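Read the structure below first, then the notes.
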Amino acid sequence: MTSTLFRLQSNKFSTDNIQATLVCSKCAEVFSKEFPLDLEGQTIEFKCPVCSSAGETDLPYKSPEERDNLELDLDLVEDEEENSGEEFEESY
Ligand SMILES: [Zn+2]
Numbered sequence: 009m010t011s012t013l014f015r016l017q018s019n020k021f022s023t024d025n026i027q028a029t030l031v032c033s034k035c036a037e038v039f040s041k042e043f044p045l046d047l048e049g050q051t052i053e054f055k056c057p058v059c060s061s062a063g064e065t066d067l068p069y070k071s072p073e074e075r076d077n078l079e080l081d082l083d084l085v086e087d088e089e090e091n092s093g094e095e096f097e098e099s100y
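All residue numbers for the sequence shown refer to the working numbering, where the first residue is 9 and numbers rise by one.
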């Protein structure tokens with residue numbers, strides 16, 4: 009049995025989800041779908057919204073550029089909340 013695969017055509021990370029443009033290997037239709045950020049880098053299964061075939065795709069990891077952009081926003085919020093004056097350490 010061959011399972012359907014959704015090929016990732018493009019993706020974009022927003023602050024609360026992953027917007028992916030995918031191509032179904034079964035019906036060859038292009039569709040876009042949003043995934044929670046938690047699923048970053050994971051293989052996930054879902055049904056094609058066009059032909060309803062169950063399939064899977066590998067979601068990408070956020071690129072360093074996109075990560076920087078998001079962190080920039082977070083830093084601004086954190087700076088307002090805690091003005092400790094200490095150098096902010098990256099803890100991961
Ligand atoms: Zn399909």
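Here a beta-carbon is modelled for each residue, glycine too, at the ideal position from N, C-alpha and C. If you're wondering where the values come from, they're calculated on a predicted model, not measured in any experiment.
Sort 24, 21, 62 and 50 by Cα distance to residue 34 and report the nearest one.
The count along the sequence shown starts at 1 and reaches residue 34 at position 26. Ranking the options by Cα distance to residue 34, first place goes to 62.
Closer than 8 Å: residue 34 CB and nearest ligand 1 heavy atom:
Taking the sequence shown and counting its residues from 1, one reaches residue 34 at position 26. Checking every heavy atom of ligand 1 against the Cβ of residue 34, one is found closer than 8 Å.
Bridge-paired residues (DSSP) for residue 44
Your numbering for residue 44 matches position 36 in the sequence shown. Partner(s): 25.
Which same chain residues end up closer than 6 Å to residue 53 when comparing Cβ atoms and leaving out the 5 residues on each side of it in sequence?
As a first step, residue 53 must be located in the sequence shown, where it is residue number 45. Excluding residues within five positions, the ones whose Cβ falls inside 6 Å are 64.
Within 10 Å of its beta-carbon, does residue 36 have 16 or more other beta-carbons around it, so buried, or fewer, so exposed?
Here residue 36 refers to the residue found at position 28 when the sequence shown is read from its first residue. Looking at its Cβ environment, which holds fewer than 16 other Cβ atoms inside 10 Å, residue 36 is exposed.
Secondary structure at residue 37, three-state DSSP: helix, strand or coil?
In the sequence shown, residue 37 corresponds to position 29, counting from 1. In this structure, residue 37 counts as coil in the three-state DSSP scheme.
Taking Cβ to Cβ, would you say residue 30 is nearer than 9 Å to residue 47?
Within the sequence shown, the letter at position 22 stands for residue 30. Within the sequence shown, the letter at position 39 stands for residue 47. Cβ atoms of residue 30 and residue 47: not closer than 9 Å.
Inter-residue spacing [alpha-carbon to alpha-carbon] between residue 19 and residue 73:
On the sequence shown, position 11 is the one that residue 19 refers to. On the sequence shown, position 65 is the one that residue 73 refers to. Roughly 13 Å separates the two Cα atoms.
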